[in-house]
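Chemist: In this note's numbering, the protein residues as written are 2 to 93. Here it is, the structure in full.
Written out as structure tokens, the structure reads:
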């Protein structure tokens, strides 16, 4: 059970998904991730989307590894493309 404190005063019972179906779905996704990691080939299932853009930039070498977080995650700084037409500031 869960509830949104802003909307309801009491929890509402929620139906859980079928355990076997949920297990199979998670296992299928986990196997695809494992294979992608083994092949070092990561492809967006949506043929490129805003969620994958930063990861694709990292894989293409467009980012700099700057740290490893306390949780062991790599921390990158993504390089912005420079444009000679952009101004850093304008004085009015």
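By construction, the Cβ of each residue, glycine as well, lies at the ideal position given by its N, Cα and C atoms.
Specify the secondary structure class of residue 76 as computed by DSSP and reduced to three states.
Modeler: Residue 76 falls in the strand class under three-state DSSP.
Chemist: Taking the alpha helix (DSSP H) that residue 65 belongs to, which residues open and close that run?
Modeler: No alpha helix (DSSP H) contains residue 65, which is instead part of the beta strand (DSSP E) from 64-69.
Chemist: Work out the CA separation of residue 77 and residue 65 for me, nearest whole Å.
Modeler: So the alpha carbons of these two residues sit roughly 5 Å apart.
Chemist: Measure the CB-CB distance between residue 1 and residue 52 and report whether it falls below 7 Å.
Modeler: Since the first and last residues shown for the chain are 2 and 93, residue 1 lies out of range.
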